[in-house]
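Protein chains: 2
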Amino acid sequence: MARTKDENTEEQILEAAKNVFQTKGMDGARMQEIADTAGINKAMLHYYYRNKQLLFEAVFKSAFSLLAPQLNKILNDDSSIEDKIRNFTTNYISFIMKHPYLPNFIIQELNRNPDFIITIQKNNTLLNIEKFKAQVDLEVSQGNLKPTKGDQLFINILSLNIFPFVAKPLIKAFIKEDEKGFKQLMEQRKTEVSEFIINSIKQH
Amino acid sequence: MARTKDENTEEQILEAAKNVFQTKGMDGARMQEIADTAGINKAMLHYYYRNKQLLFEAVFKSAFSLLAPQLNKILNDDSSIEDKIRNFTTNYISFIMKHPYLPNFIIQELNRNPDFIITIQKNNTLLNIEKFKAQVDLEVSQGNLKPTKGDQLFINILSLNIFPFVAKPLIKAFIKEDEKGFKQLMEQRKTEVSEFIINSIKQH
DNA sequence: ATGTAGTTTAACTATTTGGTTAACAAAGAT
DNA sequence: ATCTTTGTTAACCAAATAGTTAAACTACAT
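Listed in order, the protein sequences are those of chains A and B.
Residue numbers for the first sequence, in the numbering used here: 1 to 204.
Residue numbers for the second sequence, in the numbering used here: 1001 to 1204.
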């Protein structure tokens, strides 16, 4: 029984490819497994996406385009640095808990092929830290923040929010917690991380 | 011309395998490429290490045993929390700049196979956070530190030190720096990160 | 009903890749 | 000298895997 066009096989393929690529990576993923996951024939993958590379790129772009708006929130909105940090931290941690494989997938594949980010930056002119840096400089000069370098602060914010998810197996081993305990720890971080950062940079 | 025993082919294989596995990962690495890098026949890999999995495990253990002492320094020595943070930050960043592929390799492969860490913890009973947590609690009760949870502090320290190297391609894209600029930024972090953390937790 | 364009499948192909084998070389022991 | 153990190689093998093909099926327009 052949499926009809409007049941949208293409979407099913992309969904299956996401699951497999995000857990196994480009090199570890098998076209057959993607086909099986999508419940279709392997030839269909090549019918809709010419080859593994193109299918992978579709998945990667889709993943990145989920992530980019999260990052732009902190780079390009108009609230104070302090508000940005609080907002970003809670929103980002919630977001990642819904997409736990995402950050690791992006980082792993960017390390495998660093040129990928060049392609991305052409479509995504948004990823620009300049406004954020200017705002940090301003708030420092107003005496609202201690002397702080914008780029280092930005790296710190990303590190504290993203790293625990990327290094989850390592962290679980250290902290000796199971999946539930790990989640509780991450829930705590929604507020603790922003307090930690603001404590460090706020002038008082 | 067959090489003689004391030229130590086994060591050359491990060295080549390190290079290839750490840059390409288990799935991306090819036995042929490892053999070529070592300048020997592919069959030799199987002569010294039975198969790819065992060769990989040798590389992984060797990598992890480089990393473990770094982590134990912060967990199990007797200096104050503040000194620990300063020491760990400078030492760890210097260490990683000499072994740039290490953290990403470990994290990537632990995510691929989380059971791996169970094997490791059997040989490496050292990775225990309890002493660190007790010390944090003590220094909090002495009024030296603000109320701080030991496990969250530990996660923060790891995040701030390790993440920039793991996410290097992403960071370089944001900050718009080349390799040299990235290194300068990391040099700065040797002192900035510890100040950032201590600022946040020190009671004053 | 028939033709046509788009969709789906089973079977196939070419290549890559981890692993094996059997013969050969070197060095040391007897 | 020659036997044995260890190290090394080229050639080979089987399984896995990305990709192809040709036939068949479906929906739909005429």
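All residues carry an ideal CB built from backbone N, CA and C; glycine is no exception.
Under the three-state reduction of DSSP output, L45(A) falls in the helix class.
Take I81(A), set aside five residues on each side of it, and the residues of its chain with a beta-carbon closer than 7 Å to its own are Q135, V136, E139 and L145, in chain order. Using a C-beta cut-off of 8 Å, the segment 1154 to 1163 of chain B makes contact with the segment 1085 to 1098 of chain B, since at least three inter-stretch Cβ pairs fall below that distance. The C-beta of G1025(B) has 16 or more other C-beta atoms within 10 Å across all chains shown, which makes the residue buried. Inclusion of N1076(B) and K1149(B) in the CB contact set at 8 Å is not warranted, their separation being larger than that value. In the DSSP annotation of this structure, K146(A) is not part of any alpha helix (DSSP H), being labelled neither H nor E. Residue nearest to K172(A) within the set F1165(B), P1114(B), D1178(B) and P1164(B) is P1114(B) (criterion: CA-CA distance). Nearest neighbour of Q1188(B) by Cα position, chosen from A1167(B), N1041(B) and M1097(B), turns out to be M1097(B). In this structure, the beta-carbon distance from I1034(B) to V1020(B) falls below 8 Å.
For L45(A), no chain B residue has a Cβ inside 8 Å of its Cβ, as the nearest lies near 19 Å away.
Residues of the segment 1072 to 1093 of chain B whose Cβ lies closer than 7 Å to any Cβ of chain A: none.
In this structure, K1018(B) sits away from Q1032(B), with a CB-CB distance that is not shorter than 8 Å.
The contact set of D1027(B) on chain A, defined by CB atoms closer than 8 Å, consists of K24, G25, D27 and G28 in chain order. Interface annotation, Q32(A): not in contact with chain B, CB-CB separation never under 8 Å.
No residue range can be given for S1079(B), since it is assigned to no alpha helix (DSSP H) and is classified by DSSP as neither H nor E. Interface residue (Cβ-Cβ distance to chain B less than 8 Å): Q188(A) is classified as such.
At least one CB atom of chain B sits nearer than 8 Å to the CB of N104(A). For the segment 140 to 171 of chain A, the residues whose beta carbon sits under 8 Å from a beta carbon of chain B are, in order, K146, K149, D151, Q152, F154, I155, N156, L158, S159, L160, I162, F163, P164, V166, A167, K168, P169, L170 and I171. Straight-line spacing of the CA atoms in T1119(B) and F1165(B) works out to 26 Å. Taking 8 Å as the upper bound for CB-CB distance, L67(A) and I13(A) are not in contact here, some 21 Å apart.
In this structure, Q121(A) and F95(A) do not form a Cβ contact; the two beta carbons are roughly 22 Å apart against a cut-off of 8 Å. Put simply, the CB of Q53(A) is far from chain B, with every gap to its CB atoms at 8 Å or more. In the displayed model, K202(A) falls within a strand according to three-state DSSP. Around the Cβ of S1079(B), a 10 Å sphere holds fewer than 16 other Cβ atoms; the residue is exposed. Just so you know, the alpha carbons of T191(A) and N156(A) end up roughly 16 Å apart. In the DSSP assignment, P1100(B) falls outside any alpha helix (DSSP H), carrying neither H nor E.
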